[in-house]
Amino acid sequence: MSPFRPELALLALLAPGAAWADDAPAVPASVSSCVSCHSADGNPLVAGVPILAGQREDYLQSALKSYRSGYRKGGMADVMGVYAKELSDSDIEEIAKWFAAN
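Letter by letter, the sequence shown follows residues -21 to -1, 1 to 81 in mature numbering (1 follows the signal peptide of the UniProt record, and there is no 0).
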């Protein structure tokens, strides 16, 4: 009987995950500024940060446009406004589509 080799066991555990990671769709460039707070899949790791995953696409577009225009103000809306001002309509559509699909 061959001796147990922990490095091979670890490799066997990690290999399927590595293959799966290659299959994951790339995060669109417009979403990259969202990831630091909301994470790539829209399920943030920090308490108090809104979950974007699974939100309706039309809601996300409306919210981002409200931040961009300054209609939503105060608190974290002011933070979002800084980011949203840099977004084009096509960026907003892409971001909303990404998070609605997750």
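Note that CB positions come from ideal geometry on N, CA and C, so glycine has one too.
Item                                                                                                                             : Value
C-beta neighbour in chain B for TYR62, strict 8 Å                                                                                : Note that chain B does not occur in the displayed structure, where there is just one protein chain.
Contacts around ALA75, its chain only, beta-carbon distance under 6 Å, and the 5 residues preceding and following it disregarded : GLU36, LEU39, GLN40
Own chain residues within Cβ distance below 7 Å of TYR46, not counting five before or after                                      : ALA56, MET59, GLY60, ALA63
Candidates ALA8, VAL28, VAL10, SER9: closest to CYS16 by CA position                                                             : VAL28
Counted within 10 angstroms of its Cβ, other Cβ atoms place ASP68 as buried (16 or more) or exposed                              : exposed
Distance between beta carbons of VAL6 and ALA19, contact taken as under 8 Å                                                      : 5 Å
Classification of SER11 by the beta-carbon crowding that lies within 10 angstroms, buried from 16 upward                         : exposed
Whole beta strand (DSSP E) elements within the region 35 to 63, 3-residue minimum                                                : none
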